[in-house]
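Chains as they are written, first to last, in my numbering: chain A, 133 to 263; chain B, 133 to 263. Glycine included, C-beta positions come from ideal geometry on N, C-alpha and C. As the structure is a prediction and not an experimental result, all values here were calculated from the model. These notes concern the structure reproduced below.
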DNA sequence: TGCTACATGAAAACCACTATCATGGGCGCA
DNA sequence: TGCGCCCATGATAGTGGTTTTCATGTAGCA
């Protein structure tokens, strides 16, 4: 079975913050925000917790242009992709059955197995475009 | 006009190595390989040269799962995507007009501008699957 | 309540990458 | 061909994100 995860206030704090953040954020930003709110939590624990949540599929991870990992809790637990604002990190969840299918076909045609894929769209959201 | 690039043996060495490598490789791997071949070249220069080549569109860059930048010389200069073996780095070039169009539509629908997108498929190639 | 194993977090290590700056060598020009 | 300017090089140090280490704290069970 899945390894038991102990319920600690640090873990709760990270999880709760993720619940209310609509944008992709880096581990460092999350840590900073938690400290600002007075949570006593170490950077190490933030990294570890995010890692755990990501492993368990509870948060989505992707890499910003600079190569740093950014995290967000997503509405749907199912496989989906993102339309991300490169200014503010705001993200829409989108799904693309046609793309999934296309990926599968391509893989098969070239003899690739154990397929995964990344499909992310980056742009500037309406609000940031206006600003 | 485009900035003149001076022809040096280091630059030639990197470019030539890329010509014969069919796989995506990290800057460090490329540096290591060049040293192994007896080329006198510094890591800094490898990074710089790859950066230049990438800026000029002469090589494709993408990020491996670990977040590090990997480089490869591609056949086609046009926009395309990759089917990459996560074991050996071997890559096929693929294009997907339907996906391009889909990305554009999604962006427009959500009011996003200045769109870019990443679409990469990772898997295990035929050779590595067999092994 | 007491024990024990797992979670925490400060500090240090790690790793990819970039900036610095003194030296070397392309390339334009005479 | 030789001169000289200026960009390219590369060793070293720095940066920034992430992971490891390890002593201490604490959740959760008996």
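Within the DSSP secondary-structure output, residue 204(A) pairs in a beta bridge with 192(A). A straight-line Cα-Cα distance of about 28 Å links residue 204(B) and residue 228(A).
Distance from the CA atom of residue 190(B) to the CA atom of residue 160(B), rounded to whole angstroms, is 19 Å. The alpha-carbon of residue 258(A) is positioned some 23 Å away from that of residue 150(A). Boundaries of the beta strand (DSSP E) around residue 213(B): 213-217. Annotated three-state conformation of residue 245(B) is strand, per DSSP.
Listed in chain order, the non-local C-beta contacts of residue 182(B) below 6 Å within the same chain comprise 159 and 203, local neighbours out to five positions each way being set aside.
DSSP, read as helix, strand or coil, puts residue 157(A) in strand. Secondary structure at residue 236(B): helix, using DSSP grouped into helix, strand and coil.
Boundaries around residue 224(B) are those of the beta strand (DSSP E), 223-226, since no alpha helix (DSSP H) includes it. Not one beta carbon of chain A lies nearer than 8 Å to the beta carbon of residue 221(B). The beta carbon of residue 212(A) does not come within 8 Å of any beta carbon belonging to chain B, so the residue lies off that interface. When secondary structure is reduced to three states using DSSP, residue 173(A) falls in the coil class, being assigned neither helix nor strand. Inclusion of residue 178(A) and residue 219(A) in the CB contact set at 8 Å is not warranted, their separation being larger than that value. A direct Cα-Cα distance of roughly 23 Å separates residue 188(A) from residue 215(A). Of all alpha-carbon atoms in 185(A), 195(A) and 210(A), the one lying nearest the alpha-carbon of residue 139(A) is that of 185(A). The beta-carbon separation of residue 248(B) and residue 261(A), rounded to 15 Å, does not stay under the 8 Å limit for a contact.
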